[in-house]
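Undergrad: The structure's right below; bear with me while I get my questions together.
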Amino acid sequence: MKLFFTPYIYSLFFFVGIHNLQAQKIELKIIDSDSINTSILNTIAFSRFHQDEKSVYNESDSISKKLTKIGFINNYVTTIKKQDSIYTAFYSLGENKKSITIYYDSNSIDLNNIKTFSSDFSENYFKITTNTISTVLNSLVNQLEKDGNSFAEISLKNISTINDELFAYLHINKTIRRKIDDISVNGYVNFSKSFVKHRLNLKKGTVFNTDKLKFASETIQTLPFVSEIKPPEVLFTNDSTTVYLYLQKNKSNKFDGLIGFSSDEKGKLYFNGYLDLLLNNIFNKGENVSINWKSNGNDIKRFNLSVETPYIFNSPVTPRASFNIHKQDSTFLNIRALIDLSYAINPQNSISAKFQTEKSNELINDNSQNNINEFSNLFYGISYTYRKVNPFKPFQNKFFFNINALWGNRTLTLDSKKSAQRKYELTASYNWTLNQKNSIFIKNNNALFTSDKLFTNEIYRIGGSNFIRGFDEESIFTSTYSILNLEYRYHLANLSYLYSITDFAYILNDIQNDSEQLYSIGLGYTYKIKSGVIDVSYALGKTSELPFDFNNSKFHIKLIQFF
């Protein structure tokens, strides 16, 4: 049986091979009908071999469009002749025009749009080079689409040559200006309408364009408590435009903590450890409650509580409140409260009004040698924030900028003496994506605290993972600082990455009239797991006067659980 079928198998392969060879032998040639511009045609890149006749005709149309782009705007195919498997297309190129004057209706096109691509224009015409015709027409279509004319069409009509110059009329076919009539959220139906309106920038009654869908999709990817099931869609009917969002709620509450016990030589028991708790979107309004506690026994204790309710009462206003307690060993205890009212100008820009008060108490009677004094203060201020999201890296900003200015007065408890004080703070960061695997993150923190006289218990306390790594948390007292954080990141699968640590800081302590430079280097690894994130880092810090000391290095393992 095997010998009987073998010749037929060989025959089948032979005929299939012959068929494929014939399908590949259709050839296209192009010739100038007038034999004047043959050299021009020879410069046109095109596909010579095709599998069928339809492909040949499509390629001839593509060649005509390429000729239009280089100035032969009146070119056309006079005929296509077939001889066996060779198709010969004859072109009439016409005159080569380097520029064209296009007349338009000033009521249909904004003059400011024309200024972007033409230097020779008026209220009824503009002049461009012929090789930019396609680019200009596409740009005008995009502008009309942004203005709500989603199905607008633009073409050149009445093309003519007068006194060796090329002229045309811009024909615009506008449709009904589209506005968003309805927004339908599918999947996560309880998703905050305030977020749809103010963060995603999708508002009923506003002009619709595809850029809004793109922005909404990119913004959703930066929200930890929600994700897309699939990209947004739009349904056009004769009299309405409906945007559809497909969302699912994510587990975004975070917990990270470690609590231990220790005792002193007298047997007194102390708690030590840390606790980070973030309750996020528990009422489906995008709100968050953050609790942070840290203690290293009887030395330094910190407690922070903050609450944020975005877009309260469906308005662009977001109130924030925070409460902070800091105990510095046995020397002083500070209690601070902050209220912040933020107004969203648009999804990227916001301004804030701030109110801050702080009270400090001495824990021992005589702290004169440590330059500590009991006081209370009151500050008012403003803040501006710009945030550009990173669509390729969820939960990260592409660019972030924030500046704060606070003005207030300090009152000493002992003699009720008042002093005017000022605080200025600036933070900026940029995430530079080199390619899919590599990126560079850079961040700069700056602050300035001015007063006629400053005390140790009121100035800034820096150090640790949020400032300069390789140093103990809030162990450095300073009235002025500038910190630069630089990371090279090598991205792995599943939002995980290896990163380098390179930090530099300049600090100035007006109390001691002393300045210093700090440095730190190290490595880290952030790994995304199903239920959270693991971050491992090793950093080594030094001052301008002391060398690197491996005995003072900082090694951290941090596990953040989502629930």
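The sequence shown stops at residue 1813 when you use our numbering, and every number in between is there.
Just so you know, even glycine gets a beta-carbon here, dropped at the ideal spot from N, CA and C.
1) Span of the alpha helix (DSSP H) holding Gln1578?
2) In terms of residue numbering, what span does the alpha helix (DSSP H) encompassing Ala1466 cover?
3) On a Cα-Cα basis, can you pick out the residue from Ser1765, Asn1436, Thr1487 that is closest to Val1477?
4) In angstroms with no decimal places, state the Cα-to-Cα distance between Thr1329 and Ile1422.
5) Is the separation between the beta-carbon of Tyr1593 and that of Pro1566 shorter than 7 angstroms?
6) In the DSSP assignment, the beta strand (DSSP E) including Asn1531 goes from what residue to what residue?
7) Can you have a look at Ala1339 and say buried or exposed, based on whether 16 or more other CB atoms are within 10 angstroms of its CB?
8) Run through DSSP, which three-state label would Ala1273 get?
9) If you draw a straight line from the C-alpha of Ile1532 to the C-alpha of Leu1473, how long is it?
10) Please report the straight-line C-alpha distance between Thr1288 and Ile1383, rounded to a whole angstrom.
11) Among Asn1564, Arg1552, Asp1549, Ser1572, which residue has its Cα nearest to the Cα of Ser1540?
12) Could you please give me the residues that DSSP links to Thr1663 through a beta bridge?
13) Thinking C-beta only, is Thr1752 closer than 7 angstroms to Ile1771?
14) Taking Cβ to Cβ, would you say Lys1304 is nearer than 7 angstroms to Gly1321?
15) Where does the unbroken alpha helix (DSSP H) through Ser1289 begin, and where does it stop?
16) Given a cut-off of 7 angstroms, decide if Gly1455 and Lys1429 are closer than it, judged by their beta-carbon atoms.
17) Could you tell me which residues DSSP puts in a beta bridge with Tyr1593?
18) Near Tyr1494, which residues of its chain fall below 6 angstroms by C-beta distance, leaving aside the five closest residues on each side in sequence?
19) Using DSSP's beta-bridge definition, name the partner residues of Arg1672.
20) In chain order, what residues of the same chain lie with their CB nearer than 7 angstroms to the CB of Leu1271, ignoring the 5 residues before and after it?
21) Out of curiosity, what's the CA-to-CA distance linking Ile1810 and Asp1785?
22) Three or more beta-carbon pairs under 8 angstroms between the region 1649–1666 and the region 1624–1636, yes or no?
23) Distance check for Ser1312 and Ser1261, CA to CA, integer angstroms please.
24) On the criterion of 16 or more Cβ atoms from any shown chain inside 10 Å, does Asn1399 qualify as buried, or is it exposed?
25) Could I get the ranges of all uninterrupted beta strand (DSSP E) runs contained in the region 1307–1380, with 3 residues as the minimum, in chain order?
TA: The answer reads as follows:
1) Indexing the sequence shown from 1 puts residue 1578 at position 328. No alpha helix (DSSP H) holds Gln1578; the beta strand (DSSP E) holding it covers 1567–1578.
2) Here residue 1466 refers to the residue found at position 216 when the sequence shown is read from its first residue. Counting along the chain, the unbroken alpha helix (DSSP H) around Ala1466 starts and ends at 1460–1470.
3) As a first step, residue 1477 must be located in the sequence shown, where it is residue number 227. Rather than Val, the amino acid found at residue 1477 in this sequence is Ser. Closest by C-alpha distance to Ser1477, out of Ser1765, Asn1436, Thr1487, is Asn1436.
4) Counting from one through the sequence shown, the residue named residue 1329 turns up at place 79. Counting from one through the sequence shown, the residue named residue 1422 turns up at place 172. Distance between the alpha carbons of Thr1329 and Ile1422 is about 31 angstroms.
5) Against the sequence shown, residue 1593 aligns to sequence position 343. Against the sequence shown, residue 1566 aligns to sequence position 316. Against a cut-off of 7 angstroms, the Cβ pair of Pro1566 and Tyr1593 comes out as a contact.
6) Along the sequence shown, one-based indexing puts residue 1531 at 281. From DSSP, Asn1531 is part of no beta strand (DSSP E); its letter is neither H nor E.
7) Taking the sequence shown and counting its residues from 1, one reaches residue 1339 at position 89. Of the residues assessed, Ala1339 falls on the buried side of the cut-off, its CB having 16 or more other CB atoms within 10 angstroms.
8) Taking the sequence shown and counting its residues from 1, one reaches residue 1273 at position 23. With a pLDDT of 47 at Ala1273, under the threshold of 50, the predicted position of this residue should be treated as unreliable, and no value is reported.
9) Stepping through the sequence shown from its first residue, residue 1532 is reached at position 282. Stepping through the sequence shown from its first residue, residue 1473 is reached at position 223. The alpha-carbon separation between Ile1532 and Leu1473 amounts to approximately 14 angstroms.
10) Here residue 1288 refers to the residue found at position 38 of the sequence shown. Here residue 1383 refers to the residue found at position 133 of the sequence shown. If I take the Cα positions, the gap works out to 24 angstroms.
11) The residue you call residue 1540 lines up with position 290 of the sequence shown. Of the candidates Asn1564, Arg1552, Asp1549, Ser1572, the residue whose Cα lies closest to the Cα of Ser1540 is Ser1572.
12) Taking the sequence shown and counting its residues from 1, the one referred to as residue 1663 is at position 413. Partner(s): none; Thr1663 has no beta bridge.
13) Here residue 1771 refers to the residue found at position 521 of the sequence shown. Here residue 1752 refers to the residue found at position 502 of the sequence shown. Result yes, Cβ atoms of Ile1771 and Thr1752 sit closer than 7 angstroms.
14) Within the sequence shown, residue 1304 is the residue found at index 54, counting from 1. Within the sequence shown, residue 1321 is the residue found at index 71, counting from 1. No, they are not a contact pair.
15) One-based indexing of the sequence shown puts residue 1289 at position 39. Start and end: 1288–1292.
16) Taking the sequence shown and counting its residues from 1, the one referred to as residue 1429 is at position 179. Taking the sequence shown and counting its residues from 1, the one referred to as residue 1455 is at position 205. Closer than 7 angstroms, so yes.
17) Residue mapping note: residue 1593 aligns to position 343 of the sequence shown, counting from 1. Tyr1593 is bridged by DSSP to Val1567, Ile1601.
18) Here residue 1494 refers to the residue found at position 244 of the sequence shown. If you ignore the 5 residues before and after Tyr1494, its C-beta comes within less than 6 angstroms of the C-beta of Ser1434, Glu1483, all in its own chain and listed in chain order.
19) Residue mapping note: residue 1672 aligns to position 422 of the sequence shown, counting from 1. Paired residues: Trp1657, Thr1700.
20) Position 21 of the sequence shown, counted from the first residue, corresponds to residue 1271. Its pLDDT being 43, under 50, Leu1271 is placed unreliably in this model, and the value from its coordinates should be taken loosely. Answer for Leu1271: no residue qualifies.
21) Locating residue 1810 in the sequence shown gives position 560, where the first residue counts as 1. Locating residue 1785 in the sequence shown gives position 535, where the first residue counts as 1. Roughly 8 angstroms separates the two Cα atoms.
22) A contact between stretches requires three or more CB pairs, one per stretch, nearer than 8 angstroms, and the region 1649–1666 meets this requirement with the region 1624–1636.
23) Taking the sequence shown and counting its residues from 1, one reaches residue 1261 at position 11. Taking the sequence shown and counting its residues from 1, one reaches residue 1312 at position 62. Below a pLDDT of 50, predicted positions are generally treated as unreliable, and Ser1261, at 46, falls in that range; the measurement from the model is reported next regardless. So the alpha carbons of these two residues sit roughly 39 angstroms apart.
24) In the sequence shown, residue 1399 corresponds to position 149, counting from 1. By the 10 Å Cβ count, Asn1399 comes out buried.
25) Positions of the beta strand (DSSP E) runs, each at least 3 residues long and wholly inside the region 1307–1380, are given as 1326–1333, 1336–1342, 1349–1353, 1375–1379 in order along the chain.
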